[in-house]
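*Asks:* So that you can map any letter, position 204 of the sequence shown is 204 in UniProt numbering, and since no number is skipped, the others follow by simple counting. Glycine included, C-beta positions come from ideal geometry on N, C-alpha and C. The structure displayed is predicted, hence computed values, not measured ones. Before anything else, here's the structure in question.
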Amino acid sequence: MAPSPPLPAPPHIEALLTKASQVRSLLTHFYSALAQPPSTATPLPTPASPSPLALLRDTSSLLRTHTTKLSLLLLNTPFTPSAILPILKTCESECLPAMLTAAELLGPQLYTSTVSTETRRCVETTFRAFGDLLNEIYLATMGEAGNQAYMKGTKGVEHRREGVLSTTGRVWGACDALIALEKNGLRSILVGRVEELRGVIKDALGELKEWGEDEEDELEAEDKVTGSDDEDEDTKSLDDAFGAANRLPKGRPDVKVALGETLRRIKLVDILFQALVKRRIKTFPFEGVVEEDKVQEVSGRARAVDELLNALSGIPDDIDDLAAALYDLDAEDANTRLDKICTKAQDAASKVSRPWDGGKGDEYTAWLEKWKQVITPMESADKTG
1 MAPSPPLPAP PHIEALLTKA SQVRSLLTHF YSALAQPPST ATPLPTPASP SPLALLRDTS
61 SLLRTHTTKL SLLLLNTPFT PSAILPILKT CESECLPAML TAAELLGPQL YTSTVSTETR
121 RCVETTFRAF GDLLNEIYLA TMGEAGNQAY MKGTKGVEHR REGVLSTTGR VWGACDALIA
181 LEKNGLRSIL VGRVEELRGV IKDALGELKE WGEDEEDELE AEDKVTGSDD EDEDTKSLDD
241 AFGAANRLPK GRPDVKVALG ETLRRIKLVD ILFQALVKRR IKTFPFEGVV EEDKVQEVSG
301 RARAVDELLN ALSGIPDDID DLAAALYDLD AEDANTRLDK ICTKAQDAAS KVSRPWDGGK
361 GDEYTAWLEK WKQVITPMES ADKTG
């Protein structure tokens, strides 16, 4: 006897599934919108334009609250689709579209490309986490509709509970990250980006310093332990062949000098990154709502920051290439690469030499001139001195 066809879902469940599908379609449309490059045109604000950060904070808080309600309704028994439906409608018509609007208002022309990109990424993460919560609604309706195979195969309520709690936590985390933007300020995104680059530079400095450490003391200690000053010839040959990969070999004073100059000047680049964070990034004047007569001024500042970060972003990779030249014992190539890195750092720092208010100079401006003098090669510094 052929199995009976599955019974149609009850009307209240059918209505919920339809709405969940509509919300999912809306999210898919939003994914596409966020994947598109932001408009290159500078938006002209209106008196009614909301503060993008405030809008992002409010919509994230509201979505977080609705997610909590959905979570409780999915976990509680009996399952009540009629209570879930209006919450989904509110998310569809209010929270989600307004969140996308906030992301679009934080465009690169007025708020920098770095901030715009990071904000859009965070909003997309929130949308995708909420989309996963829609899956939990679908799974809940399967059990409610009497799908015994589903209930048995997944341990029913226990499995649903784990999935709902996990997904709810992801939505909360994504919303909290967006709320934190308003609390910490958009500068925190810029600071985080520069500190990320600086972290790579510090790691490279540490590795180079370790590679160049003198191993004479270590060898003397080994001789005392073994009671012999004689090295096995095979071992010595092996060390000679592979020593450069782990330590700066003896007999290469040119490489040693290049390494010393690298450590000195790259440390100064690291100090420059610190100064830029303190004197320029943390003082960058983000506007809540940009007045129409300030659009040109604000967009100019945003463009300067973008140019600065674009210039800084390539320095860590350049330092990796410099380190590779040293490991290859190519002092000439290393010195050439070092000069290029320092020139790039100087050019980047000069892009924001003047204060944000348009004045002729400030403490950073004076400091930068001194920094440019000490970043020069040691021979040049000696001659100018």
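What would DSSP say about Pro50, mapped onto helix, strand or coil?
*Replies:* The sequence position of residue 50 within the sequence shown is 50, counting from 1. Of the three classes helix, strand and coil, the one that applies to Pro50 here is coil, per DSSP.
*Asks:* State the CB to CB distance for the pair Thr126 and Met99, rounded to an integer number of angstroms; the pair is presumed to be in contact (CB under 8 Å).
*Replies:* Looking up residue 126 in the sequence shown gives position 126. Looking up residue 99 in the sequence shown gives position 99. Contact holds; Cβ gap of about 7 Å.
*Asks:* Apart from the five residues just before and just after Cys342, which ones in its own chain have a Cβ nearer than 6 Å to its Cβ?
*Replies:* In the sequence shown, counting from the first residue as 1, residue 342 sits at position 342. So the qualifying residues of the chain are Arg265 and Ile375.
*Asks:* With DSSP as the reference, label Gln109 as helix, strand or coil.
*Replies:* Indexing the sequence shown from 1 puts residue 109 at position 109. In the structure shown, Gln109 sits in a helix (DSSP, three-state: H, G or I).
*Asks:* Is it right to say Ser299 is buried, meaning 16 or more other beta carbons lie within 10 angstroms of its own, or is it exposed?
*Replies:* For this step, residue 299 is matched to residue 299 along the sequence shown. Buried, by the Cβ-count rule.
*Asks:* Helix, strand or coil for Leu205, going by three-state DSSP, please let me know.
*Replies:* Counted from its first residue, the sequence shown places residue 205 at position 205. Looking at Leu205 - three-state DSSP - the assignment turns out to be helix.
*Asks:* Can you grab the Cα-Cα spacing for the pair Lys19 / Cys91, in whole Å?
*Replies:* On the sequence shown, position 19 is the one that residue 19 refers to. On the sequence shown, position 91 is the one that residue 91 refers to. Each residue's alpha carbon lies about 11 Å from the other.
*Asks:* By Cβ distance, which residues of its chain are closer than 6 Å to Arg279, with the 5 residues on each side in sequence left out?
*Replies:* Walking along the sequence shown from the start, residue 279 turns up at place 279. Hits under 6 Å: Tyr364.
*Asks:* I need the DSSP call for Glu287, collapsed to helix, strand or coil.
*Replies:* Within the sequence shown, residue 287 is the residue found at index 287, counting from 1. The answer is coil: DSSP assigns Glu287 none of H, G, I, E or B.
*Asks:* Just checking, does the stretch 61 to 74 make contact with the stretch 8 to 17 on the three C-beta pairs under 8 Å criterion?
*Replies:* Counting Cβ pairs under 8 Å, fewer than three are found: no touch.
*Asks:* Put Phe79 into one of helix, strand or coil per three-state DSSP.
*Replies:* Within the sequence shown, residue 79 is the residue found at index 79, counting from 1. Correct three-state label for Phe79: coil.
*Asks:* How is Glu222 classed by DSSP in three states: helix, strand or coil?
*Replies:* Looking up residue 222 in the sequence shown gives position 222. Model confidence at Glu222 stands at a pLDDT of 44, short of 50, so the residue's coordinates are unreliable; what they give is reported in the following sentence. If DSSP states are grouped into helix, strand and coil, Glu222 belongs with the helices.
*Asks:* State the Cα-Cα distance for the pair Trp367 and Ile271, rounded to the nearest angstrom.
*Replies:* The residue you call residue 367 lines up with position 367 of the sequence shown. The residue you call residue 271 lines up with position 271 of the sequence shown. Near 11 Å, if we compare the C-alpha coordinates of Ile271 and Trp367.
*Asks:* How many angstroms separate the CA atom of Asn76 from the CA atom of Leu70?
*Replies:* Translated into the one-based positions of the sequence shown, residue 76 becomes position 76. Translated into the one-based positions of the sequence shown, residue 70 becomes position 70. C-alpha separation (whole angstroms): 10 Å.
*Asks:* From the DSSP output, in three-state form, read off Lys250 for me.
*Replies:* Residue mapping note: residue 250 aligns to position 250 of the sequence shown, counting from 1. Looking at Lys250 - three-state DSSP - the assignment turns out to be coil, as it is neither helix nor strand.
*Asks:* Go to Trp367, then tell me how far its alpha helix (DSSP H) extends in each direction, as first and last residue.
*Replies:* Here residue 367 refers to the residue found at position 367 of the sequence shown. Run containing Trp367: Glu363 to Val374, per the alpha helix (DSSP H) assignment.
*Asks:* In whole angstroms, what separates the C-alpha of Lys372 from that of Gln346?
*Replies:* As a working note, residue 372 is residue 372 in the sequence shown. As a working note, residue 346 is residue 346 in the sequence shown. Those two C-alpha atoms are separated by around 7 Å.
*Asks:* Locate the alpha helix (DSSP H) running through Glu297, then write down its first and last residues.
*Replies:* Stepping through the sequence shown from its first residue, residue 297 is reached at position 297. From DSSP, the alpha helix (DSSP H) with Glu297 extends over Val295 to Ser313.
*Asks:* What separation, rounded to the nearest whole angstrom, lies between the Cα atoms of Glu297 and Lys282?
*Replies:* If you number the sequence shown from 1, residue 297 lands on position 297. If you number the sequence shown from 1, residue 282 lands on position 282. Distance between the alpha carbons of Glu297 and Lys282 is about 18 Å.
*Asks:* Determine, using beta carbons only, whether Ile189 and Glu118 come nearer to each other than 7 Å.
*Replies:* In the sequence shown, the residue the question calls residue 189 occupies position 189. In the sequence shown, the residue the question calls residue 118 occupies position 118. In contact: Ile189 and Glu118 (Cβ atoms closer than 7 Å).
*Asks:* Please say whether Glu182 and Leu53 have beta carbons closer to each other than 7 Å?
*Replies:* Counting from 1 along the sequence shown, the entry for residue 53 is found at position 53. Counting from 1 along the sequence shown, the entry for residue 182 is found at position 182. Yes, the Cβ-Cβ distance between Leu53 and Glu182 is below 7 Å.
*Asks:* Can you tell me the Cα-Cα spacing of Thr112 and Asp339, whole angstroms?
*Replies:* In the sequence shown, residue 112 corresponds to position 112, counting from 1. In the sequence shown, residue 339 corresponds to position 339, counting from 1. Using only the alpha carbons, I get a separation of about 29 Å.
*Asks:* With DSSP as the reference, label Ser21 as helix, strand or coil.
*Replies:* Here residue 21 refers to the residue found at position 21 when the sequence shown is read from its first residue. In this structure, Ser21 counts as helix in the three-state DSSP scheme.
*Asks:* Relative to the C-alpha of Ser39, which residue among Asp362, Asp203 and Ala103 is closest?
*Replies:* Stepping through the sequence shown from its first residue, residue 39 is reached at position 39. Here the closest residue by C-alpha is Ala103.
*Asks:* Taking one C-beta from the stretch 253 to 261 and one from the stretch 303 to 311 each time, how about it: are there three or more such pairs within less than 8 Å?
*Replies:* Because the criterion of three Cβ pairs below 8 Å is not met, the stretch 253 to 261 and the stretch 303 to 311 do not touch.
*Asks:* For Lys344, collect the residues of the same chain with a Cβ closer than 8 Å to its Cβ; drop the 5 residues on either side in sequence, then sort them by chain order.
*Replies:* To locate residue 344, count along the sequence shown from 1; it is residue 344. Closer than 8 Å at Cβ, skipping near neighbours: Ala311, Gly314, Ile315 and Asp318.
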